[in-house]
């Protein structure tokens, strides 16, 4: 997340944003029950918390929201309890964030295998903007692990959030002929 931050004359007129604890929330959607996923999201979530506990600056984030199906709240509450002293965690019923999910609409995704969790999670992440009281929120997935310390300067530059801006040149450097062959093979193997 070391990309450039765009500024303009209007930026100079804006008042500074509140301190980090008042401006950033972290969001995590967790798919456990009856989603067709591999069932390891709880274990991956705990690995994420272990890395956050070690590497995430305590004053950077005021609250960590975790959204999930109502039936998964109890098991998740017990699992995250050891991290509650360091991370301010709030478990949220995803149906409270996105009431449309109460009718269990078809959110089937065919990749990497048939599941109902991925599209559902994207809807929750988008709907959460109405419930976050801070100017910024960062979404995470259970396959994210922090490998270096995360501090305010990495996330914010003055009164703006940093963006990870990747150029075409960067992607061309990644897309070697070998990488293209691997990607083509992977895409051909997907069910549509």
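In my numbering, the protein residues as written are 7 to 198. We treat Cβ as the ideally placed atom computed from N, Cα and C, and that holds for glycine.
Presumed contact (8 Å Cβ cut-off) between residue 57 and residue 151, rounded CB distance: 5 Å
Status (buried if at least 16 other CB within 10 Å, exposed otherwise) for residue 124: buried
I'd like the ranges of any alpha helix (DSSP H) spanning at least 4 consecutive residues and lying wholly in the stretch 122–146. 124–133
Out of 182, 147, 132, 92, point me to the one whose CA is closest to residue 49's CA. 147
Are residue 70 and residue 34 close, meaning C-beta to C-beta below 9 Å? yes
When you compare only the Cα positions, how much space is there between residue 83 and residue 38? 13 Å
What number of angstroms, rounded off, separates the C-alpha of residue 158 from the C-alpha of residue 164? 10 Å
Look up residue 63 in the DSSP assignment and say whether it is helix, strand or coil. coil
Local Cβ density within 10 Å of residue 78, reported as buried at 16 or more and exposed below that: buried
Do residue 32 and residue 144 have their CB atoms nearer than 9 Å? yes
Give the DSSP-derived three-state secondary structure of residue 150 in the structure shown. coil
C-alpha gap between residue 23 and residue 74, whole angstroms: Residue placement at residue 23 is flagged as unreliable, the pLDDT there being 40, under the threshold of 50; the coordinate-derived value follows with that caveat. Taking the straight line joining both Cα atoms gives about 30 Å.
Going by DSSP, what residue range makes up the alpha helix (DSSP H) through residue 158? 158–161
Within 10 angstroms of its Cβ, does residue 185 collect 16 or more other Cβ (buried), or is it exposed? exposed
Between residue 63 and residue 155, is the Cβ-Cβ spacing less than 9 Å? yes
Would you mind reading off the limits of the alpha helix (DSSP H) that contains residue 107? No alpha helix (DSSP H) contains residue 107, which DSSP labels as neither H nor E.
Which residues does DSSP list as the beta-bridge partners of residue 35? 73
Pull the bridge partners of residue 179 from the DSSP assignment, please. None; residue 179 has no bridge partner.
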